[in-house]
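In my numbering, the protein residues as written are 23 to 284. Since the structure comes first, as structure tokens, the remarks are kept for the end.
Laid out in structure tokens, this is it:
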């Protein structure tokens, strides 16, 4: 979930603290049209205050400027969200191969984040979107919701089958003509998702899934060491300085009261 903020000074500070900026959403999936919104994800150098805080939040900060969404997530929040399954979007950024500069090395660790937990998250989100499908008031939004449902299914199926590739998965998604004239396609994927959830559970419990639950221990140690190395670099520390005195009020509020969209 995104925590909206309107503090222009904080917006500029977060941009200066950014390690990598990536265009996300429909532009990343290749499903964008002329009317599609532009969404950016900024991964910033985690502030000292966040590292020292007893509260950990998986929420992103969002600033809207001229109709463009600017979403900010700390480096540590970004990676933790991938490991916990709390953000499929963060996972997709790694799988897209779009990371560069100081996070280029994460592109070589894509498979690390393909886990039982992440696959389950995609199926869970697909189920959520099925529940919300009937609340949509027009065909445009029903198609958008159906697209999310099918994408979640395709991603989960390809990962379970060990045929995962971000580009080919999105190519398959784009090849499907969405039909919301009735509920036939929705019911079809509802059944597929239910069956896939059962298959996932059986393979995980039977130790035949072939993926770690959260992260393979040996690879996790390597990942942890790379992050520590990055955080000790001069470039990282210079970016981190832009967030000295960073206030965590909104994160603590979201921790207790969920997200406030004031």
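From the three backbone atoms N, C-alpha and C, an ideal C-beta is built for every residue, glycine too. Bear in mind the structure is a predicted one, so any value in this text is a computation, not a measurement.
- Residue 268 sits in coil when the DSSP states are folded into three classes, being neither helix nor strand.
- Secondary structure at residue 157: coil, using DSSP grouped into helix, strand and coil.
- With a beta-carbon spacing of about 13 Å, residue 167 and residue 175 fall beyond the 8 Å limit used to define contacts.
- In this model, residue 134 and residue 107 are separated by some 13 Å (Cα to Cα).
- Out of 163, 219, 257, the CA that lies nearest to the CA of residue 177 is found in 219.
- For residue 94, the secondary structure class from DSSP, reduced to helix, strand or coil, is strand.
- In the structure shown, residue 55 falls within a coil segment according to DSSP collapsed to helix, strand and coil.
- The bridge partners DSSP lists for residue 62 are 45, 92.
- Between the alpha carbons of residue 98 and residue 216 lies a distance of about 33 Å.
- Taking a contact as a CB-CB distance under 8 Å, the pair residue 182 and residue 141 counts as one, their CB atoms being some 6 Å apart.
- The criterion of a C-beta distance shorter than 8 Å is satisfied by residue 47 and residue 61.
- Taking 8 Å as the cut-off, the beta carbon of residue 115 is found no closer than this to the beta carbon of residue 161.
- Just measuring C-alpha positions, the residue of 65, 54, 270, 26 sitting nearest residue 38 is 65.
- Partner residues in a beta bridge of residue 72, as assigned by DSSP, do not exist.
- Checking the DSSP bridge columns, you'll see residue 25 partnered with 83.
- Between residue 41 and residue 225, the C-beta spacing is not below 8 Å.
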